[in-house]
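Residue numbers (my numbering): 2 to 410.
Right, here's the structure in full:
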């Protein structure tokens, strides 16, 4: 009897614990209502209301945060106890949280708080958003090019801010792109699970330990060749994953076919992608878009785009990224205005206030004056092959997946 994967629907053998195709956990022993944290109030301000999921690194809960007389819904991820018993891992956890909490792009999920609970359990508090992840959207088929442009403009904005801060996502895939509503507009993108991504630093003992534990693998269908070969990673690894995802968005298919992580590794390292013209959505694409995708999928990272904005320019031809972002997230799109040739509007400013760690956060951040797309691209953000936040066995990440009533992001 086959055991279907909840993430990719691959039919695994009945006694499998992990999906042979994507690595997702197939069993969840925790049951809502019996988890010891459900119903508890943590640190006097987070009331745990529901267990959302469990993976190889920890559990994810829905919680209500007390904010004076108001409350807001948040997602809380707690890490397994073995990860908080090692001082090096704890120190690394705090360093990497300090990195990710500085990400404030509107299309990036927001970190609110992190630290240790009374029993020393490490936790992360993040924005909770209801919506549908891109993986579920793609189950209904390929996405038409204009809509794909709007999604990619937002995804690239999120990544570009991160890359300019030296942060590499390292697990970019449709499950980590949430489509929600904002200001009455659908298809507002939130890029999930940067946590815990990392800045440029050499591999340390805690990183090596996590690698040995198998927590830094990524998701095989979307991993770059250098991830499979264990090289240090930079922004171009994310660009490769973005190329895989763009191919899938426009065709409804992955550029490679494989059944096991080892087959995926072989395909990504040595095999050419299936010609995009093989599929109806790819055959009708303009040559510019086909070429941009194929360049992003280059085996040698030196042959790829240097930045996500270079990829976006090749793919869409846009010259003004901020104006394009405004149109991609505005009512003008619904009326048929092209995101690749928008009027010269001013993009909204991003919140730039940094919340203090371990204290209740305000309901609304103060506006700042950072642009959505920094004007000076930095050097390649680089990352060693391991990171605390990498968890190929997670089921649903930090958010509910599947069709949900969309609310404003």
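For each residue, glycine too, the CB sits at the ideal point set by N, CA and C.
All of these numbers come straight from a predicted model, not from anything done at the bench.
Contact under 8 Å by Cβ, residue 174 with residue 220: yes
Classify residue 263 as buried or exposed, calling it buried when 16 or more other Cβ atoms lie within 10 Å of its own Cβ. exposed
Would residue 144 pass as a contact of residue 250 if the rule is Cβ separation under 8 Å? Yes.
In the region 134 to 164, which residue ranges form an unbroken alpha helix (DSSP H) of at least 4 residues, counting only runs that do not cross its ends? 135 to 139
Between the beta-carbon of residue 277 and the beta-carbon of residue 248, is there less than 8 Å? The answer is yes: Cβ separation under 8 Å.
Where residue 204 falls: helix, strand or coil (DSSP): Residue placement at residue 204 cannot be trusted, given a pLDDT of 47 that sits under 50; the coordinates are not used to answer.
Under a three-way DSSP split, which group does residue 46 fall into? coil
Excluding the 5 residues flanking residue 39 on each side, which residues of the same chain have their C-beta closer than 8 Å to its C-beta? If we look at residue 39 and ignore the five residues flanking it on each side, its Cβ neighbours are 33, 49, 50, 51, 52, 62.
Would you kindly report the start and end of the unbroken alpha helix (DSSP H) that includes residue 305? Per DSSP, residue 305 belongs to no alpha helix (DSSP H) and is neither H nor E.
Residue closest to residue 120, alpha-carbon to alpha-carbon, out of 79, 170, 107, 127: 79
Classify residue 194: buried if its beta carbon has 16 or more other beta carbons within 10 angstroms, exposed otherwise. buried
Could you tell me the distance, in whole angstroms, from the CA atom of residue 83 to the CA atom of residue 126? Within the model, the alpha-carbon separation for residue 83 versus residue 126 is close to 20 Å.
Given residue 305 as reference, the closest of 142, 243, 42, 178 once Cα atoms are compared: When the alpha-carbon of residue 305 is set against those of 142, 243, 42, 178, the nearest one is in 243.
For the region 160 to 180 against the region 266 to 283, are there 3 or more C-beta pairs whose distance is under 8 Å? They do not touch, by the three-pair rule.
Here's the rule I'm using: 16 or more other beta-carbon atoms within 10 Å means buried, otherwise exposed. How should residue 228 be labelled? buried
Pick from 226, 93, 167: whose alpha carbon is nearest that of residue 267? 226
Three-state class that DSSP yields for residue 173 in the structure shown: coil
Span separating the alpha-carbon of residue 257 from that of residue 296: 16 Å
In terms of residue numbering, what span does the alpha helix (DSSP H) encompassing residue 239 cover? 236 to 252
Is it right to say residue 260 is buried, meaning 16 or more other beta carbons lie within 10 angstroms of its own, or is it exposed? Flag for residue 260 reads exposed.
Mind checking who residue 124 pairs with in its DSSP beta bridge? According to DSSP, residue 124 bridges with 79, 116.
Identify the residues that DSSP records as bridge partners of residue 74: which are they? For residue 74, the pairing in a beta bridge is given by DSSP as 65.
With DSSP run on the structure shown, which of helix, strand or coil describes residue 282? The three-state reading of DSSP puts residue 282 in helix, counting H, G and I together.
Whether or not the region 132 to 149 and the region 89 to 106 are in contact is what I'm after, with contact meaning three or more pairs of Cβ atoms, one per stretch, closer than 8 Å; do they touch? no
Within this structure, are the beta carbons of residue 456 and residue 106 separated by less than 8 Å? With the chain running from 2 to 410 in the structure shown, residue 456 is simply not present.
Backbone CA spacing between residue 272 and residue 89 [nearest angstrom]: 39 Å
Would DSSP call residue 330 helix, strand or coil? coil
Tell me whether the beta-carbon of residue 162 lies closer than 8 Å to the beta-carbon of residue 118. no
With which residues is residue 183 paired in a DSSP beta bridge? 186
Please classify residue 55: does DSSP put it in a helix, a strand, or coil? Here residue 55 sits in strand by DSSP.
What residue range does the alpha helix (DSSP H) around residue 262 cover? 262 to 271
Among 307, 290, 330, which one has its Cα closest to the Cα of residue 146? 290
Should residue 35 go down as buried or exposed, given a rule of 16 or more other Cβ atoms within 10 Å for buried? exposed
Have a look at 293, 314, 281 and flag the residue whose alpha-carbon is nearest the alpha-carbon of residue 252. Of 293, 314, 281, the smallest CA-CA separation from residue 252 is found for 281.
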